[in-house]
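A.B. asks: Please find one structure pasted underneath; my questions will follow.
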Amino acid sequence: EEPLALHPVKLYVYDLSKGMARRLSPLMLGKQLDGIWHTSIIVHKDEFFYGSGGISSCAPGGTLLGPPDTVVDLGNTEVTEEIFLEYLSSLGESMFRGESYNLFEHNCNTFSNEVAQFLTGRKIPSYITDLPSEVLATPFGQALRPLLDSIQIQPPGGNTFSRHNGQS
């Protein structure tokens, strides 16, 4: 039997505020936030992420966000590219359709966490997944919630994922 090939899995972490959250959060929220996090999963030589346009992919670092602020090594996976693309396709038709996107409850980090567990059994760091509840726990976050709930984030530069994305 051929041993299963191992494929590295990385989490790219971007600060959408480009350092502004770190500077302004103590004033605005009364607590320190290190960033407003957008994440994506890097596996099989591509970057996969979720936004208001659904699941997208690009070459690593290929969105207009540029290179990530942090790279987290999530380990390795035995999941083949073929199986992974089938899995993504089913996610894109169910849990992670574009219209299911919500900045606080169902966002890029929800997607990264789900996919990380599928590939490696590991979750993404809690400082990322806890961010929405930290913001909403502040009076400012509560006051801004109606506005923030309406925000759709779709990093430009990716291709909307579909099963036939160059695969035959």
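Residues in the sequence shown are numbered from 47 upward in steps of one, following my numbering. All C-beta atoms, glycine included, are put in the ideal place defined by N, C-alpha and C. Every value quoted in this text rests on a predicted model; they were computed, and no experiment measured them.
Using the Cβ count rule (16 or more neighbours within 10 Å means buried), how would you classify ASP195?
C.D. replies: Exposed, since its Cβ has fewer than 16 Cβ neighbours within 10 Å.
A.B. asks: Using DSSP bridges, identify the partner residues of TYR96.
C.D. replies: ILE101.
A.B. asks: What are the boundary residues of the alpha helix (DSSP H) that PRO247 is part of?
C.D. replies: The requested residue 247 is not part of the displayed model; the chain covers only 47 to 214.
A.B. asks: In terms of residue numbering, what span does the alpha helix (DSSP H) encompassing LEU120 cover?
C.D. replies: No alpha helix (DSSP H) contains LEU120, which is instead part of the beta strand (DSSP E) from 116 to 123.
A.B. asks: Alpha carbon to alpha carbon, what distance is there between LEU149 and ILE197?
C.D. replies: About 7 Å.
A.B. asks: What does the alpha-carbon distance come out to for the pair PRO201 and PHE164?
C.D. replies: Cα to Cα, the separation comes out at about 23 Å.
A.B. asks: In terms of alpha-carbon separation, which member of TYR133, THR116 and THR126 lies closest to ILE101?
C.D. replies: It is TYR133 whose Cα lies nearest to the Cα of ILE101.
A.B. asks: Looking at the secondary structure, which residues open and close the alpha helix (DSSP H) in which SER179 lies?
C.D. replies: Unbroken alpha helix (DSSP H) run through SER179: 177 to 182.
A.B. asks: Less than 8 Å between C-beta atoms, sequence neighbours within five positions excluded: which residues of the same chain meet that for LYS25?
C.D. replies: Only positions 47 to 214 of the chain appear in this structure, which leaves residue 25 out of reach.
A.B. asks: Based on Cα-Cα distance, which residue from ASP92, ILE82 and ASN122 lies nearest to THR109?
C.D. replies: Ranking the options by Cα distance to THR109, first place goes to ASP92.
A.B. asks: For ASN122 and PRO171, which I take to be in contact (beta-carbon distance under 8 Å), what is that distance rounded to the nearest angstrom?
C.D. replies: So it is not a contact: roughly 18 Å between Cβ atoms.
A.B. asks: Taking ILE87 as the reference, give the member of GLY203, LEU120, LEU111 and LEU73 with the closest Cα.
C.D. replies: That would be LEU120, whose Cα lies nearest to the Cα of ILE87.
A.B. asks: Measure from the alpha carbon of ASP61 to the alpha carbon of each residue in LEU137, PRO114, GLY204 and LEU75, then state which is nearest.
C.D. replies: Selected option, being the one with the closest Cα: PRO114.
A.B. asks: Using DSSP with H/G/I as helix, E/B as strand and the rest coil, what is ASP80?
C.D. replies: Coil, per DSSP.
A.B. asks: Would you kindly work out how many angstroms separate the C-alpha atoms of LYS56 and HIS84, rounded to a whole number?
C.D. replies: Computed Cα separation, rounded: 14 Å.
A.B. asks: Does the beta-carbon of THR126 have 16 or more other beta-carbons within 10 angstroms, so that it is buried, or is it exposed?
C.D. replies: Per the 10 Å Cβ criterion, exposed.
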